[in-house]
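Q:
Residue numbers (the UniProt record's numbering): 1 to 198.
This is the structure in C-alpha cells:
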C-alpha cells in the first residue's frame, strides 16, 4: 500500500520487454528483492538493486494497461516506497493498481499554484467526486471540479517542483487510480441490491 506522497523523482535508465531499470537513490537506499515501489503510480516489485538503480519486472498485461510502454531512457518518473506499518498516511490509501490512463487537457497557471484538467474515462467517472481523492501518476490529489468527462486538480508549488506533474504538457498521458473505498462501496451496494430483489 502507498499514500500518494512521492518520495523522489527517478530516471529511467533502461527499458526492456520484461522490465525497467530505474535510477532512484532514495528509494533504492533500503530496497530489497521483493519490495514494492510505485513507479508513476504503478506498484512494481524490485527484482535487483545495483548502486543507485533498481530493476523491476513488468508483465505484458501491465504494459498494455498503463503508459509504461511509452517510457524511454532519460524519462522522469514519480517513485514511492510502500508505506511501513505505523507510518504516516499523508495522502490517501493508494494501492498502485492503475484504473485507467488519461490525458492532460489544460493547464492554467496562477500566482501560487496551477489548475490542471484531465480527461476522465467514462468507466471511472462514477468514482470521482468533488473534494474526493484521486491518484494521478501516483500523486495523491484532491479533486477541485469534476464533470462527466473531465476533472480538475490544483497543484501547489511543492507538487509542481517535486513530482513529474509540474512538467507534464497538454496531451501527455497519466495513470489514474480512483479511491478504492468508492469501488468497495459500489460493490457492497450492488450485493445488497441483489439480495433485496431475490
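Glycine is no exception: its CB is placed at the ideal position from the N, C-alpha and C atoms.
I'd like the ranges of any alpha helix (DSSP H) spanning at least 4 consecutive residues and lying wholly in the UniProt repeat "Lumazine-binding" (93-189).
A: For the UniProt repeat "Lumazine-binding" (93-189), whole alpha helix (DSSP H) runs of length 4 or above, ordered along the chain, are 157-162.
Q: Note down the Cα distance separating residue 6 from residue 189, rounded to an integer number of angstroms.
A: What you label residue 6 is simply residue 6 of the chain shown in a count that begins at 1. What you label residue 189 is simply residue 189 of the chain shown in a count that begins at 1. So the alpha carbons of these two residues sit roughly 33 angstroms apart.
Q: What is the DSSP secondary structure of residue 66, reduced to helix, strand or coil?
A: Within the chain shown, the letter at position 66 stands for residue 66. Residue state, collapsed to three classes: coil.
Q: Once DSSP output is grouped into helix, strand and coil, what is the label at residue 90?
A: Counting from 1 along the chain shown, the entry for residue 90 is found at position 90. The answer is coil: DSSP assigns residue 90 none of H, G, I, E or B.
Q: Let me check one thing: in DSSP terms, what residues is residue 57 bridge-paired to?
A: Position 57 of the chain shown, counted from the start, is the residue given in the question as residue 57. DSSP output for residue 57 lists 19 as bridge partner(s).
Q: Rank 131, 186, 23 and 141 by C-alpha distance to the C-alpha of residue 72 and give the top, closest one.
A: Sequence index remark: in the chain shown, residue 72 carries index 72 (1-based). Minimum Cα distance to residue 72 is reached at 23.
Q: Would you say residue 208 and residue 119 are within 9 angstroms of each other, going by their C-beta atoms?
A: Limits of the chain in this structure are 1 at one end and 198 at the other, which puts residue 208 out of reach.
Q: Have a look at the DSSP bridge pairing and note the partners of residue 32.
A: Position 32 of the chain shown, counted from the first residue, corresponds to residue 32. Paired residues: none, contrary to the question.
Q: Would residue 168 be called buried (16 or more neighbouring beta carbons within 10 Å of its own) or exposed?
A: Sequence index remark: in the chain shown, residue 168 carries index 168 (1-based). Buried: at least 16 other Cβ atoms inside 10 Å.
Q: Touching or not, the stretch 137-145 and the stretch 99-107, by the rule of three or more beta carbon pairs under 8 angstroms?
A: No, the stretch 137-145 does not touch the stretch 99-107.
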